[in-house]
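Each number in our numbering corresponds to the 1-based position in the first sequence with 9 added.
C-beta atoms are modelled at their ideal positions from N, C-alpha and C, and glycine is treated no differently.
Structure, as structure tokens:
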Amino acid sequence: MLKNLEKKANKQLLKSFENLELPVLKFLPAPEHTKADLTTNWSMSCCKLLKKNPLQLAESAKSSLEKLEEIEKIEIAKPGFLNITLKNSFVAKEAENFYKTSPSSAKNNKEKILIEFVSANPTGPLHVASGRGASLGDSLVKIFRALGYTCDAEFYVNDSGNQAKMLGKSLKARTEKQEPPENGYHGDYLIELAKTIEKGKTEQEYQDIAVKAMLKTHKEDMKNFRVEFDTWFLESDLYKKDELNKTLKFLDKKKLSYQNEGATWFGTKQDDDDKDRVLVKSNGLPTYFLADIAYHKNKFDRGYDKLIDILGADHHGYIPRMKSAIKSLGKEPENFQPIIHQLVHLIKDGKQVKMSKRAGEFLSLKGLMKDVGVDACRFFFALRTPNSHMNFDIDLAKKKSNENPVFYVQYAHARISSILKKAEAEGFKASKKIENINESEKEVLIKLAWFESVLEICTRDLSPHHLANYLIELASMFHSFYDQNKVVDAEDKKTTEKRLLIVNLVKETISKGLYLIGVNAPESM
RNA sequence: GCGCCCAUAGCUCAACGGAUAGAGCGCUAGCUUGCGGAGCUAGAAAUCUAGGUUCGAUUCCUAGUGGGCGCACCA
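If you want it as structure tokens, here you go:
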């Protein structure tokens, strides 16, 4: 609703100012103290251009916009804000259509997006840090889709190369009741796995078994964490299809690679990298980087226009060379958007838990899910921007009490469900129309109207935290509304049925929002 | 040494260059025979330092301080 109004307002301004170069007017929620519904800083944003002072401009804009039938009144504040109060009848009427219209954002946007995330090596259980990436990626995919974009989720499985080899060696050692090699994998999970396998196989066979087993646990963990992937892309498939060599030839043809000291190099330094990078080592083996270029080439070849990679902060140094690689593939920088999320620090007993080979259950994502619960975990991750260096207080998260805001939001949903049940039992039906709304009803309805914009901000910033915060605000608004307005026992039947519709809209929005961040919306708690 | 990220209330975090900087937890004072009190109302409490750009800076730029991470012919 706000978008249509915004369009209309812009049109109106163009008409009044007869100037096609005007900056676009954008509505924002009005701050509390203004007592208005919407605000805009339009007159400040174009005062330079028009060489008039913002207050004068605000006056002209005011008289222009006041002609719109949706607007009740406009007040001008200090430097030149326009504070707009909407007509109650307009808000009420638009609210009826909230869920009848689909999002407009992506209507003209046919680009296909691929988000790659987690992509942990299949050499051990997933740990907590993977949970952050998983939560972030899954929410973004769902939000893009909710806005009508084509967006897929992919997990890249590094089942080739040194690490996988080492995994095979380690498993082999375990079947022979020996310690894995120095730089192998020492976790207990291989001891467990070894118990179920015969001795005397080749390293390659053990590697295959181990990778398969690890991949299985990763898939289980992701499923339990409510994270869905469209594809689990195997690095080994790149080798099978000879895509590394094809990529090498491709780069050679473009004269982007060169030989030095027996190795093949790629000139990333000319872009923003510190130094050039090796593609093929002097021993003839390809680097991970070459495989990754081939992998990204493959993604584009599959028809994706925009690639989003979610990486932990410990890999940020990798980005300049990857950007350089994307350029060499003939793509624009905006076709590749890496998201770096900062590392998660686990706090237990008030102290940071350090990573170690001997670290116990609680460091694994599985353990965390068990301790904290998926809802709390997903919501907790969703609340933070990827850039925040977050502390995950295990003791606090374990409490499952109202210290965790996820329960606050879920409680609102459960409370509404309960009201609706009661209303149904007493023979009330939510009305189809909303008429004669009061101030707190209006406030709630306008909050609901911002939902789509919040999702857009999430896609702009590539972070779901705006949505999580919005849900807290919406829940708070509902609780407050509920405290002031009787629903089932309202003054009359008409009011009850009107409020049932409003409350229903809140419920649907909370439910939809929670779904987007992978949290359940319970009917009761 | 170079690069990336961060610094906001007692704690964990928000704020698309906008107004009187928001939440949750904790704290203080109320609301309790409630349509679910896991709630509501009120209150105390914060932008690391110094410059700069701007009508306007928590936000952008420069320098500093403090912290996290990274700088392989590893993946």
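Close Cβ partners of residue i (< 7 Å) along its chain, the five nearest in sequence each way excluded
i    : result
F153 : I122, C160 and T468
D402 : I356
V220 : P131, D168, A173 and L176
P88  : M53 and P63
K340 : F309
Beta-carbon proximity list for residue i, same chain, < 6 Å, skipping 5 on both sides
i    : result
F298 : R286
S179 : P189, G193, Y194 and L199
D318 : E125 and P347
L483 : K456
E532 : S426
L37  : T48
D239 : D161 and A162
P342 : none
K151 : L525
A104 : I443 and L454
F390 : R141 and S144
Integer Cβ distance of residue i from residue j, believed to fall under 8 Å
i    : j    : result
E244 : D168 : 6 Å
G522 : L476 : 6 Å
V166 : F242 : 7 Å
K60  : L91  : No, K60 and L91 are not in contact; Cβ-Cβ is about 19 Å, not under 8 Å.
V497 : K431 : 6 Å
D283 : K332 : With a Cβ gap of about 13 Å, D283 and K332 do not count as contacting.
I136 : L454 : The displayed chain sequence assigns His, not Ile, to residue 136. Not a contact, Cβ separation roughly 43 Å.
T94  : E78  : At roughly 13 Å, the Cβ-Cβ gap does not stay under 8 Å, so T94 and E78 are not in contact.
P473 : L149 : 6 Å
L316 : K308 : 5 Å
A203 : R183 : 4 Å
R508 : H350 : The pair is not a contact, with the Cβ atoms about 41 Å apart (cut-off 8 Å).
Cut-off 8 Å between Cβ atoms - residues of its own chain near residue i, not counting five sequence neighbours on either side
i    : result
A303 : L247, E252, L253, K255 and T256
T296 : R286, V287, L288, V289 and K290
E433 : none
Burial state of residue i, where buried means 16 or more other Cβ atoms lie within 10 Å
i    : result
Q419 : buried
H305 : buried
R393 : buried
L352 : exposed
T49  : buried
H398 : exposed
P463 : In the sequence on display, residue 463 carries Val and not Pro. V463 is buried by the Cβ-count criterion.
L294 : exposed
G271 : exposed
D384 : buried
L58  : exposed
G326 : exposed
D301 : buried
D404 : exposed
P40  : exposed
DSSP state of residue i mapped onto helix, strand, coil
i    : result
C160 : strand
N13  : helix
R387 : helix
I526 : coil
P32  : coil
E506 : helix
L288 : strand
A406 : helix
S520 : helix
K20  : helix
A45  : coil
Q346 : strand
L352 : coil
K60  : coil
S489 : helix
T273 : strand
E207 : coil
F401 : strand
S537 : Residue 537 falls outside the range modelled here, since the chain spans only 10 to 534, and no answer is possible.
S52  : helix
K357 : strand
M534 : coil
L37  : strand
E414 : Per the sequence shown, residue 414 should be read as Pro rather than Glu. P414: helix per DSSP, three-state reduction.
K278 : coil
K121 : strand
My parser needs the beta strand (DSSP E) runs of 3 or more residues fully inside the region 299-336; what are they?
Those beta strand (DSSP E) runs which fall completely within the region 299-336 and span 3+ residues are 315-321.
In chain order, which alpha helix (DSSP H) runs of at least 4 residues are fully inside the region 436-470?
Fully contained in the region 436-470 are the following alpha helix (DSSP H) runs of length 4 or more, in chain order: 448-458 and 460-470.
Can you give, in chain order, each stretch of the beta strand (DSSP E) that sits fully within the region 129-199 and has at least 3 residues?
You should have 159-166.
Alpha helix (DSSP H) runs contained entirely in the region 63-117, provided each spans 4 or more residues:
Every alpha helix (DSSP H) of 4 residues or more that sits fully in the region 63-117 is shown, in chain order, as 63-74 and 97-105.
Note down, one range per segment and in chain order, each beta strand (DSSP E) of at least 3 residues found wholly within the region 229-255.
Qualifying beta strand (DSSP E) stretches, in chain order: 240-243.
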